[in-house]
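Which chain is which? The protein sequence lines are A and B, in order. Start counting the first sequence at 7; every next residue gets the next number (the numbering used here). Start counting the second sequence at 7; every next residue gets the next number (the numbering used here). Where is the CB? At the ideal position from N, CA and C, for every residue including glycine.
Number of protein chains: 2
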Amino acid sequence: MPQNSDAILANWNGVEMPLADVRVSVLDRSFLFGDAIYEVLRVYSGIPFRLQDHLDRLTRNLEKLKIPADVGRLAERMDATLQNSGLDEASIYLHVSRGEAPRTHRLPVPAPRPNELIYVQPFRDPYPTQRIHGGRAILIRDIRWKRCDIKSVNLLANVLGAEEAHAAGRDEAIFVEEDGSLVEGTHTSLFAVRDGSILTSPLGPQLLPGITRKLILEMAARTQIPLVEERLHRDQLGEIDELFLTGTSTEVLPIVEVDDISIGDGKPGAITQRLQAVYREIVSAECRPKS
Amino acid sequence: MPQNSDAILANWNGVEMPLADVRVSVLDRSFLFGDAIYEVLRVYSGIPFRLQDHLDRLTRNLEKLKIPADVGRLAERMDATLQNSGLDEASIYLHVSRGEAPRTHRLPVPAPRPNELIYVQPFRDPYPTQRIHGGRAILIRDIRWKRCDIKSVNLLANVLGAEEAHAAGRDEAIFVEEDGSLVEGTHTSLFAVRDGSILTSPLGPQLLPGITRKLILEMAARTQIPLVEERLHRDQLGEIDELFLTGTSTEVLPIVEVDDISIGDGKPGAITQRLQAVYREIVSAECRPKS
Chain A
7 MPQNSDAILA NWNGVEMPLA DVRVSVLDRS FLFGDAIYEV LRVYSGIPFR LQDHLDRLTR
67 NLEKLKIPAD VGRLAERMDA TLQNSGLDEA SIYLHVSRGE APRTHRLPVP APRPNELIYV
127 QPFRDPYPTQ RIHGGRAILI RDIRWKRCDI KSVNLLANVL GAEEAHAAGR DEAIFVEEDG
187 SLVEGTHTSL FAVRDGSILT SPLGPQLLPG ITRKLILEMA ARTQIPLVEE RLHRDQLGEI
247 DELFLTGTST EVLPIVEVDD ISIGDGKPGA ITQRLQAVYR EIVSAECRPK S
Chain B
7 MPQNSDAILA NWNGVEMPLA DVRVSVLDRS FLFGDAIYEV LRVYSGIPFR LQDHLDRLTR
67 NLEKLKIPAD VGRLAERMDA TLQNSGLDEA SIYLHVSRGE APRTHRLPVP APRPNELIYV
127 QPFRDPYPTQ RIHGGRAILI RDIRWKRCDI KSVNLLANVL GAEEAHAAGR DEAIFVEEDG
187 SLVEGTHTSL FAVRDGSILT SPLGPQLLPG ITRKLILEMA ARTQIPLVEE RLHRDQLGEI
247 DELFLTGTST EVLPIVEVDD ISIGDGKPGA ITQRLQAVYR EIVSAECRPK S
């Protein structure tokens with residue numbers, strides 16, 4: 007169950023308070039237009055994993071939307087609030103809205119002060135058993151906007167997709183384009199394994215440049231597993247050997263069934279499990295408990 | 007200039023207060039996911055124009071997103087807050103969010119209480135001179151999601167489009183699909199006139215079922231101007247006689263230039279002006295000042 011928001015420590019525009027107490031004007035553009043950028047970070051042993059990658063992506067996204075936030079200051083706040091939370095195994099939610107202004111579609115002039123939210127909560131694994139035994143997914147039509155490379159809070163298509171998966175008793179929904187190619191999940195990146203090679207969609211406007219996706223590319227190079235950036239077509243699902251999803255909270259999640267198609271032999275595959283192990287090794291190396 | 011939000015009367019979940027004082031939890035799903043529906047109504051002589059159409063659309067949209075709000079109660083509040091505002095020429099903004107819950111993509115269980123915002127502000131005409139002399143538009147690629155029939159606050163593509171138009175010194179941006187067909191504006195419906203007939207895109211998932219769009223269909227029938235629901239292609243812009251945009255605040259706005267293409271003879275056309283006149287007649291008939 008989600009934690010009580012009274013017990014979650016937030017930082018709202020530089021001031022720490024319980025998450026349940028953070029209130030924003032309804033003229034905030036995140037509320038009125040979804041005009042905001044976010045990140046979710048995983049903390050292992052008190053250390054945010056791949057922090058710089060998240061900050062770099064945040065910086066790029068803020069630039070794309072011309073939201074003038076100071077990422078260095080956000081990083082300092084995040085560090086302080088994580089320390090003050092006292093949590094070691096945690097997730098950090100970071101949200102930067104364009105700020106408050108009278109409602110007009112076009113960007114307000116002068117630019118308002120961005121509203122900056124950070125909160126730190128105990129990590130709750132969304133897929134503890136599925137990561138071992140494999141999860142199951144459905145395919146859904148990709149109805150999202152065409153700038154999914156921007157990690158904005160215009161997430162209604164993702165919400166509806168995740169709800170559809172949940173209602174079907176599945177773990178995730180995978181977006182399929184009109185040409186039948188598989189893009190990514192509602193909050194995960196998608197990978198397949200075929201004949202010993204890893205396949206994943208190339209980056210582009212329809213794909214979030216996932217931090218864990220980037221890590222998989224790095225891990226493939228390190229373990230000398232060939233990796234090819236090409237799209238997987240839905241018709242190929244019966245032919246591939248393995249399928250897995252990745253994400254900051256998801257880590258590496260084997261998928262053993264998609265709609266009514268069993269993937270490979272219906273069990274988590276060898277390369278997926280190898281990547282899970284390497285993932286743990288990298289986490290251990292980069293997030294050593296402070297003594 | 008936008009009005010000072012201190013002076014704007016709001017109704018927040020049934021309680022009236024200055025708009026500037028309305029605060030919402032950052033766990034509200036409109037803030038986190040754009041998980042909310044909205045309407046904008048125009049008030050003439052103290053009477054909301056085409057109220058029932060707006061309430062019907064609101065009801066349909068809430069059903070599409072499974073947000074359990076009581077539209078009858080919202081209508082009562084809207085009426086009371088309009089009366090208490092003392093305004094005759096006004097616009098009403100109505101926003102229903104799914105409500106507050108710990109952040110997960112899928113719909114929270116149990117369903118939270120929706121957060122319901124209404125505010126009433128003096129009407130400020132966005133296009134006073136353009137409605138007489140004609141406005142100018144640009145064409146932009148339609149990067150919106152594929153459920154634009156739902157009037158949600160996932161509006162970032164509309165925001166970016168409106169900003170692009172504004173930066174180009176134009177009045178509106180018109181979305182163009184990949185096949186070159188023109189859909190609608192960032193906050194307006196689109197109509198063309200060719201050989202004495204009005205053309206507009208048929209309703210579908212890529213199009214908002216505009217209240218003013220519906221009114222144009224009604225006015226065309228009343229004035230016996232033929233109206234055909236078919237898509238306009240960008241290549242046809244040089245051949246058409248007139249072009250206009252419609253919307254609740256926009257009313258009927260002649261467009262005399264699109265990108266560098268002059269429409270017709272570069273002046274508001276006869277049928278557009280006829281529709282503007284009929285629009286005023288209908289408003290006068292339906293929104294008679296209370297004496």
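(message) One question on the structure: do A:Val28 and B:Val32 come within less than 8 Å of each other, judged by their Cβ atoms?
(response) Yes. Within cutoff.
(request) List the residues of chain A that B:Lys157 touches, going by C-beta distances under 9 Å, in chain order. (result) Within 9 Å Cβ-Cβ: nothing; B:Lys157 doesn't reach chain A, min ~11 Å.
(request) Output yes if chain B places a C-beta closer than 8 Å to the C-beta of A:Val165; else output no. (result) Judged by the 8 Å Cβ criterion, A:Val165 is in contact with chain B.
(request) Check A:Phe39 in the structure and name its three-state DSSP category. (result) In this structure, A:Phe39 counts as helix in the three-state DSSP scheme.
(request) State yes or no: is the beta carbon of A:Thr192 nearer than 8 Å to at least one beta carbon in chain B? (result) Output row for A:Thr192: interface = yes.
(request) Could you name the residues of the same chain whose beta carbon sits closer than 7 Å to that of B:Pro132, not counting the 5 residues immediately before and after it, in chain order? (result) Excluding sequence neighbours, B:Pro132 sits near Ser255, Thr256.
(request) Take A:Pro120 as the anchor and find which of A:Lys273, A:Phe129, A:Leu251, A:His101 has the nearest alpha-carbon. (result) For A:Pro120, the nearest C-alpha among the options comes from A:His101.
(message) Just checking: is the beta-carbon of B:Asn90 within a distance shorter than 8 Å of some beta-carbon in chain A?
(response) Chain A, which has no Cβ nearer than 8 Å to the Cβ of B:Asn90, makes this no.
(request) Can you tell me the Cβ-Cβ gap for A:Asp266 and A:Leu213, rounded? I've got them flagged as a contact below 8 Å. (result) Between A:Leu213 and A:Asp266 the Cβ distance is about 26 Å, and since that is not below 8 Å, they are no contact.
(message) Let me check one thing: in DSSP terms, what residues is A:Gly141 bridge-paired to?
(response) Answer is A:Ile261, bridged to A:Gly141.
(request) Verify the CB distance criterion: does B:Asp41 have a CB-CB separation below 8 Å to chain A? (result) Interface with chain A (8 Å Cβ-Cβ cutoff): B:Asp41 is included.
(message) For A:Gly244, count the other beta carbons within 10 Å of its own beta carbon; 16 or more makes it buried, fewer makes it exposed. Which is it?
(response) Around the beta carbon of A:Gly244, fewer than 16 other beta carbons sit within 10 angstroms, so the residue counts as exposed.
(message) If you follow the alpha helix (DSSP H) that B:Asn67 is in, where does it begin and where does it stop?
(response) Start and end: 57–71.
(message) Helix, strand or coil for B:Gly167? Go by DSSP, reduced to three states.
(response) In this structure, B:Gly167 counts as helix in the three-state DSSP scheme.
(request) Closer than 8 Å by beta-carbon distance: list the chain A residues that pair up with B:Tyr99, in chain order. (result) What B:Tyr99 touches in chain A: Arg109.
(request) Could you name the residues of chain B that A:Leu38 contacts, counting a contact when the two beta carbons are closer than 7 Å? (result) Simply Val159.
(request) Indicate whether A:Ala143 and A:Ile222 have their beta-carbon atoms separated by less than 8 Å. (result) Inclusion of A:Ala143 and A:Ile222 in the CB contact set at 8 Å is not warranted, their separation being larger than that value.
(request) Return the Cβ separation of A:Pro24 and A:Asp34 in integer angstroms, given the expectation that the two are a contact with Cβ distance under 8 Å. (result) 19 Å between Cβ atoms; not a contact.
(request) Note the first and the last residue of the continuous alpha helix (DSSP H) segment covering B:Ile156. (result) Note, B:Ile156: premise wrong, no alpha helix (DSSP H); not H, not E.
(request) With a 10 Å radius around its C-beta and 16 neighbouring C-beta atoms as the bar for buried, classify A:Ile217 as buried or exposed. (result) Under a 10 Å Cβ-count criterion, A:Ile217 is classified as buried, with 16 or more other Cβ atoms of the shown protein chains found around its own Cβ.
(request) Measure the CB-CB distance between A:Ser97 and A:Asp41 and report whether it falls below 8 Å. (result) In this structure, A:Asp41 does not lie closer than 8 Å to A:Ser97 by Cβ.
(request) Find the residues of chain B that neighbour A:Ala168, judging by a C-beta separation of less than 7 Å, and give them in chain order. (result) Chain B residues near A:Ala168: His111, Arg112.
(request) From the DSSP output, read off the bridge partner residues of B:Met23. (result) Looking at the DSSP output, B:Met23 bridges to B:Ala16.
(message) What residue range does the beta strand (DSSP E) around B:Leu188 cover?
(response) Segment 187–191, the beta strand (DSSP E) holding B:Leu188.
(message) Going residue by residue through the stretch 218–247 of chain A, where are the continuous beta strand (DSSP E) segments of at least 3 residues, counting only ones entirely within it?
(response) If we require 3 residues or more, the beta strand (DSSP E) runs fully inside the stretch 218–247 of chain A come out as 233–235.
(message) Just to confirm before moving on: does the CB-CB distance between A:Thr87 and A:Ile43 stay below 8 Å?
(response) Cβ atoms of A:Thr87 and A:Ile43: not closer than 8 Å.
(request) Could you check what DSSP says for B:Asn10 in three-state terms: helix, strand or coil? (result) DSSP places B:Asn10 in coil when its eight states are reduced to three.
(request) Given a cut-off of 8 Å, decide if B:Glu235 and B:Gly270 are closer than it, judged by their beta-carbon atoms. (result) No, they are not a contact pair.
(message) My assumption, with CB atoms under 8 Å, is that A:Thr278 sits in contact with A:Val199. Please give the rounded CB distance.
(response) The beta carbons of A:Thr278 and A:Val199 sit about 7 Å from each other, so the pair counts as a contact at 8 Å.
(message) Excluding the 5 residues flanking B:Lys72 on each side, which residues of the same chain have their C-beta closer than 6 Å to its C-beta?
(response) Sequence-distant partners of B:Lys72 (beyond 5 residues in either direction) whose C-beta falls short of 6 Å from its own C-beta are missing from its chain.
(request) My understanding is that B:Asp94 touches B:Gly52, with C-beta atoms under 8 Å, so please give their C-beta distance in whole angstroms. (result) Rounded, the Cβ-Cβ distance is 5 Å, consistent with contact.
(message) Check this for me: beta carbons of A:His193 and A:Ala163, under 8 Å apart or not?
(response) No, the pair does not count as a contact, with Cβ atoms beyond the cut-off.
(request) To the nearest angstrom, report how far apart A:Gly105 and A:Pro118 are at their CA atoms. (result) Rounded to whole angstroms, A:Gly105 to A:Pro118 spans 5 Å at the Cα level.
(request) Could you tell me the distance, in whole angstroms, from the CA atom of B:Val258 to the CA atom of B:Arg153? (result) Computed Cα separation, rounded: 25 Å.
(message) So A:Ile261 contacts chain B; which residues on that side make the cut at Cβ distance below 9 Å?
(response) Those within 9 Å of A:Ile261 in chain B number zero; the least Cβ separation is about 17 Å.
(request) Have a look at the DSSP bridge pairing and note the partners of B:Asp34. (result) Answer is B:Glu106, bridged to B:Asp34.
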